[in-house]
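*Asks:* Please find one structure pasted underneath; my questions will follow.
Chains as they are written, first to last, in our numbering: chain A, 2 to 372; chain B, 2 to 372.
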């Protein structure tokens, strides 16, 4: 996709020693061969995409890579969180082995969070590790999932339960591709952008509130700033705690409730970002009930989530014991320890903390936040 | 299993910075609670074993761990290389999630190389990584596969194609368990012990030749020395090249031919160590044809492999083009690059190198070494 945008290309650097890499943010990047200079040398590359994104962008990426590799292969996965599973992952290994790809082969993840997570996990495992590049095509993937090296597939009993910490060698955020994003996907991405405000940067939250209209209208300069600032905050957190020994958990604000919603409704009913949006409202309500923030802050966050086009009322996950079902699902969250759920909470504006809460209080919050 | 052996417990240390760990070698270790002191704290442990080993040792390990964890779970896999696949791996994840195991849960691999490789890979992937302990019950696993952090499962198109470099937190080599090992498994372990001589330590090769009878008779002091010296050599190599950027590949001496045999016959027909034994004969013959060693050295190694009870003649893998089939299978070896097979060869006694060879020469060697 050619760009007429006057945007300058920007870089955010993830500093992880020998696993460091740049996030490149700009217009017209995806189809430009220059974007892919100086990657690890290899004879083969494999583009992994899905049947929604591939028709739009796979050919442009294929052509941009053609000069860099002897063979550029493609594997197209079925679209959607419901396919973030082992049989679908196996399609990537099948393609690699059928074409004789060796352990220098570079994988390119062309798609949203699901494609990125699966391609990254395949790269982590194929011959015990090959390089991969993230080419995120959703706003959510550009500001969150493509950055930081979390890769995974789902298990029937829990989301992202099987995976690896495995860093890409480069992330390419082409802002042009956001123009073709369905509105629902745009809103889902805004959820992860909004997230960075309450946990880390209240000035950024102010900016998002002032510019939510421009973001929804996909104004390139607004998108560029939102993507860059989000990546900067994420880079700073990941740089301090790559494997989530502590601090990094704050990036999961809204995710504990959100994962329960996604899993309880069946993957693919709500988008991940929708679960996170609603989950942030629930987690901030819990923070308020614990005395960490005031009601005005909850209302402010709720209003912004709603303006972003996201759900703010939790779905019922059980006709008989809705709160009990939420609790049951949240106990398999990866942050849980010995069956105790660990919530990411807002500990005063711009500050996050991880702690547990009594089941009784969590039940109250769920009852207050659900339909 | 109580031990009457007077053997002192010994340690070999794998030096990998924050991923360092000890290999503990001795008698009576498996059932001793003291063996498992000071592991990472956790509320749950999961013993992974197979239906051959579990009846012999799972209860002793369970009892030894009982005091260290709130719950000690077990999952018993079907035995054999044929089950080193995803559906079997999934049994481990199912058990962990069904029992609410969190990301501090410690996995214990109780078995041979297959159990160790699968448990290690499950530990690498479960919630993106939990600690695991190797409790190898075969000689092969004690001297090779349990040490160094290579984990994997097989793919229908190639052995160990999907896996991770993931280090255990401790390796427990209880020499007592070798007394129950079937003779064929003992010989398979001797293949990996013999391997360390030609690639790294000719004095050790001399010692093995002088003590092969004692090893086959399972004399504890001979086994103790063989295990310790093998682990020392492996530790030195892995400490210099954890992820096999170069040097570590020498540990695959005999494995390129051996993997082709294993895969060509169907996993489980020949034991891994049998493939390696025969593969070392073939690789040393190739070394000789390339002028790197003399015929006397090939004959010497062949005689020792044979005395160890291992096959020294390669099986026919195709009725029409046997050498062609070997070549085809070897091209999917992980060391291959851009379709070129990389052989580990003996470059003078006690010294290994990695290089390619012409198909014509490799065909000659295969024809000379097969039935």
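Glycine residues also receive a C-beta, built at the ideal position from the N, C-alpha and C atoms.
Rounded to the nearest angstrom, what separates residue 258 of chain A and residue 358 of chain A at their Cα positions?
*Replies:* The straight-line gap from Cα to Cα measures roughly 13 Å.
*Asks:* What is the DSSP secondary structure of residue 119 of chain B, reduced to helix, strand or coil?
*Replies:* Residue 119 of chain B: helix per DSSP, three-state reduction.
*Asks:* So the alpha helix (DSSP H) residue 196 of chain B belongs to, where does it begin and stop?
*Replies:* Residue 196 of chain B -> alpha helix (DSSP H) spans 184 to 201.
*Asks:* Report the neighbours of residue 156 of chain A on chain C: residues whose CB is nearer than 7 Å to its CB, in chain order.
*Replies:* You won't find chain C in this structure, because its protein chains are A and B.
*Asks:* Closest to residue 1 of chain A by CA distance: which of A/300, A/341, A/362, A/141 is it?
*Replies:* This structure cannot settle anything about residue 1 of chain A, because the visible part of chain A is limited to 2 through 372.
*Asks:* Buried or exposed: which applies to residue 71 of chain A, given that a residue is buried once 16 or more other Cβ atoms fall within 10 Å of its Cβ?
*Replies:* Exposed, by the Cβ-count rule.
*Asks:* Given residue 221 of chain A, which residues of its chain have a CB within under 8 Å of its CB, disregarding the five upstream and five downstream residues?
*Replies:* If we look at residue 221 of chain A and ignore the five residues flanking it on each side, its Cβ neighbours are 6, 8, 28, 176.
*Asks:* May I ask you to list the residues that DSSP assigns as paired with residue 137 of chain A?
*Replies:* Paired residues: A/112.
*Asks:* DSSP beta-bridge partners for residue 11 of chain A?
*Replies:* According to DSSP, residue 11 of chain A bridges with A/26.
*Asks:* To the nearest angstrom, how far is the alpha carbon of residue 170 of chain B from that of residue 66 of chain B?
*Replies:* Using only the alpha carbons, I get a separation of about 15 Å.
*Asks:* Is residue 235 of chain B helix, strand or coil when you go by DSSP?
*Replies:* Residue 235 of chain B falls in the helix class under three-state DSSP.
*Asks:* What number of angstroms, rounded off, separates the C-alpha of residue 47 of chain A from the C-alpha of residue 355 of chain B?
*Replies:* The straight-line gap from Cα to Cα measures roughly 27 Å.
*Asks:* Can you give me the start and stop residues for the alpha helix (DSSP H) that residue 300 of chain A sits inside?
*Replies:* First-last of the alpha helix (DSSP H) with residue 300 of chain A: 296 to 308.
*Asks:* Just checking, does the stretch 51 to 66 of chain A make contact with the stretch 236 to 256 of chain A on the three C-beta pairs under 8 Å criterion?
*Replies:* No, because fewer than three Cβ pairs between the stretch 51 to 66 of chain A and the stretch 236 to 256 of chain A fall closer than 8 Å, the two stretches do not touch.
*Asks:* According to DSSP, is residue 95 of chain B part of a helix, a strand, or is it coil?
*Replies:* In this structure, residue 95 of chain B counts as helix in the three-state DSSP scheme.
*Asks:* Compute the distance between the beta-carbons of residue 283 of chain A and residue 98 of chain B, then report whether it is under 8 Å.
*Replies:* The answer is no: Cβ separation not under 8 Å.
*Asks:* Please name the residues in the stretch 171 to 195 of chain B whose beta-carbon is closer than 7 Å to at least one beta-carbon of chain A, in chain order.
*Replies:* Per Cβ criterion, the list is empty.
*Asks:* Short check: CB of residue 219 of chain A to CB of residue 168 of chain A, under 8 Å?
*Replies:* It is not a contact, given that the beta carbons lie outside the stated cut-off.
*Asks:* Pick helix, strand or coil for residue 72 of chain B, following the three-state DSSP scheme.
*Replies:* Strand, per DSSP.
*Asks:* Would you please verify whether the beta carbon of residue 332 of chain A is less than 8 Å from any beta carbon of chain B?
*Replies:* So yes, residue 332 of chain A belongs to the interface.
*Asks:* With a cut-off of 8 Å, does the C-beta of residue 159 of chain A fall near any C-beta of chain B?
*Replies:* Answer yes: the Cβ-Cβ gap between residue 159 of chain A and chain B drops below 8 Å somewhere.
*Asks:* Look up residue 51 of chain B in the DSSP assignment and give the residues it is bridged to.
*Replies:* Looking at the DSSP assignment, residue 51 of chain B forms a beta bridge with B/78.
*Asks:* Using a Cβ cut-off of 8 Å, pull out every chain B residue sitting near residue 1 of chain A, in sequence order please.
*Replies:* Because chain A is modelled from 2 through 372, residue 1 of chain A falls outside the range shown and cannot be assessed.
*Asks:* Quick one: is residue 44 of chain A near chain B, going by C-beta distance under 8 Å?
*Replies:* Yes, residue 44 of chain A counts as interfacial toward chain B.
*Asks:* Specify, as a first and last residue, the run of the alpha helix (DSSP H) that residue 266 of chain B falls within.
*Replies:* Looking at the DSSP string, the run of the alpha helix (DSSP H) that includes residue 266 of chain B is 256 to 266.
*Asks:* Is there at least one Cβ from chain B nearer than 8 Å to residue 338 of chain A's Cβ?
*Replies:* Taking Cβ atoms only, chain B reaches closer than 8 Å to residue 338 of chain A, which makes this a yes.
*Asks:* Rounded to whole angstroms, how far is the Cβ of residue 286 of chain A from the Cβ of residue 306 of chain A, which I believe are closer than 8 Å?
*Replies:* Residue 286 of chain A to residue 306 of chain A, Cβ: 12 Å. No contact.
*Asks:* What residue range is occupied by the uninterrupted beta strand (DSSP E) comprising residue 281 of chain B?
*Replies:* Unbroken run through residue 281 of chain B is the alpha helix (DSSP H), 273 to 290; no beta strand (DSSP E).
*Asks:* Can you grab the Cα-Cα spacing for the pair residue 342 of chain A / residue 336 of chain A, in whole Å?
*Replies:* Cα to Cα, the separation comes out at about 7 Å.
*Asks:* For residue 331 of chain A, does the count of other Cβ atoms within 10 angstroms reach 16, so buried, or fall short, so exposed?
*Replies:* The residue in question, residue 331 of chain A, is buried, as its Cβ has 16 or more Cβ neighbours within 10 Å.
*Asks:* How would you label residue 39 of chain A, buried or exposed, when you count the other beta carbons within 10 angstroms and need 16 or more for buried?
*Replies:* Counting Cβ neighbours within 10 Å, residue 39 of chain A comes out exposed, since fewer than 16 surround it.
*Asks:* Would you kindly work out how many angstroms separate the C-alpha atoms of residue 235 of chain A and residue 252 of chain A, rounded to a whole number?
*Replies:* Taking the straight line from one Cα to the other gives about 8 Å.
*Asks:* Going by alpha carbons, who is nearest to residue 275 of chain B out of B/188, B/227, B/268?
*Replies:* Comparing Cα positions, the closest option is B/188.
*Asks:* Can you find the residues in the same chain that come closer than 7 Å, C-beta to C-beta, to residue 198 of chain A, ignoring five residues on each side of it along the sequence?
*Replies:* Excluding sequence neighbours, residue 198 of chain A sits near 205, 206, 209.
*Asks:* Within 10 angstroms of its Cβ, does residue 42 of chain A collect 16 or more other Cβ (buried), or is it exposed?
*Replies:* Per the 10 Å Cβ criterion, exposed.
*Asks:* Can you say whether residue 314 of chain B is buried or exposed, counting buried as having 16 or more other CB atoms within 10 angstroms of its CB?
*Replies:* Its Cβ having fewer than 16 others within 10 Å, residue 314 of chain B is exposed.
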